[in-house]
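K.L.:
Submitted below is the structure of interest, expressed as structure tokens.
Okay, structure coming up:
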């Protein structure tokens, strides 16, 4: 579990703002939708991609809200041990 926590912390150090993560994800989605490979996607496939993006966007917002306080709690409990 400590490796997973470290990966999350590292990611948030690299991308300290949720808005930057969401902007990058949106750019990736736009590129995918405009790609010639996307021409074979059905309307349902495209809709699923948009749905997935919106759920990931909500996940990023929630993560950036709850992880920093959790990391502080974990860090303070490690210091007290």
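Residue numbers (the numbering used here): 1334 to 1414.
For each residue, glycine too, the CB sits at the ideal point set by N, CA and C.
For residue 1386, which of helix, strand or coil comes out of DSSP?
P.N.:
DSSP places residue 1386 in helix when its eight states are reduced to three.
K.L.:
Pull up the distance between the alpha-carbon of residue 1388 and that of residue 1411, whole angstroms please.
P.N.:
Those two C-alpha atoms are separated by around 33 Å.
K.L.:
In chain order, what residues of the same chain lie with their CB nearer than 7 Å to the CB of residue 1404, ignoring the 5 residues before and after it?
P.N.:
Here the set comprises 1342.
K.L.:
Find the nearest neighbour of residue 1358 within the set 1397, 1396, 1398, 1385, judged by alpha-carbon distance.
P.N.:
Nearest of 1397, 1396, 1398, 1385 to residue 1358, Cα basis: 1385.
K.L.:
Whose CA, out of 1347, 1352, 1334, lies closest to the CA of residue 1390?
P.N.:
Nearest of 1347, 1352, 1334 to residue 1390, Cα basis: 1352.
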